[in-house]
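In my numbering, the protein residues as written are 26 to 176.
Single-structure report; data block below.
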């Protein structure tokens, strides 16, 4: 069973589902994304989008003309929140390749994005390990298996 919803989305986190297939792949995707973002410290919005749209955003803002699983956009100076954007096809493919539930992978990537918005990074080995440990701790609270642990 996928992660159950515990009620309405947390206040202050908007979740936009841009493609209806998200609901078939991850039941209660909106509530799950909001809970994961809140558990990791929040975001202004989470956008459940498509590979095509994420590829466009990645090309425009990061000069990489390919989809990626998650993009984050910091809020304007003096504002709270920030945006997390996920690519449906990439998330689905990665979950299948890793033998994980799409809901678990969605939760992991939202947590990952929210941690980036809080200033975490994984450019260097020590940073990456600290970020992975924080992700695992937050995901455990959500009932999601540690994605960094070999099965």
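For each residue, glycine too, the CB sits at the ideal point set by N, CA and C.
Restricting to Cα atoms, I'd like to know which of 104, 64, 93, 65 is closest to residue 73. 93
Residue 75 by DSSP, collapsed to three states: which one? coil
If you count every other CB in all the chains shown that lies within 10 Å of the CB of residue 138, and 16 or more means buried, which is it? buried
Only counting the same chain, and skipping five residues up and downstream in sequence, which positions put a Cβ closer than 6 Å to that of residue 105? none
The region 51-63 touching the region 132-152, judged by at least three CB pairs closer than 8 Å: yes
Find the nearest neighbour of residue 49 within the set 128, 174, 148, judged by alpha-carbon distance. 128
To the nearest whole angstrom, what separates the beta carbons of residue 131 and residue 110, a pair I think is in contact under 8 Å? Residue 131 to residue 110, Cβ: 12 Å. No contact.
Provide the residue span of the beta strand (DSSP E) that contains residue 109, from first to last. 108-112
Looking at the strands, I want to know which residues DSSP matches up with residue 41. 72
For the structure I just gave you, are there three or more beta carbon pairs, one from the region 65-72 and one from the region 37-48, closer than 8 Å? yes
Excluding five sequence neighbours on each side, which residues of the same chain lie with their C-beta closer than 7 Å to the C-beta of residue 116? 94, 127, 130, 131, 134
Please report the straight-line C-alpha distance between residue 144 and residue 157, rounded to a whole angstrom. 14 Å
Taking the CB atoms as reference points, tell me whether residue 83 and residue 77 lie closer together than 8 Å. no
At the level of alpha carbons, what is the spacing between residue 155 and residue 91? 28 Å
Is it the case that the Cβ atoms of residue 79 and residue 112 are separated by a distance below 8 Å? yes
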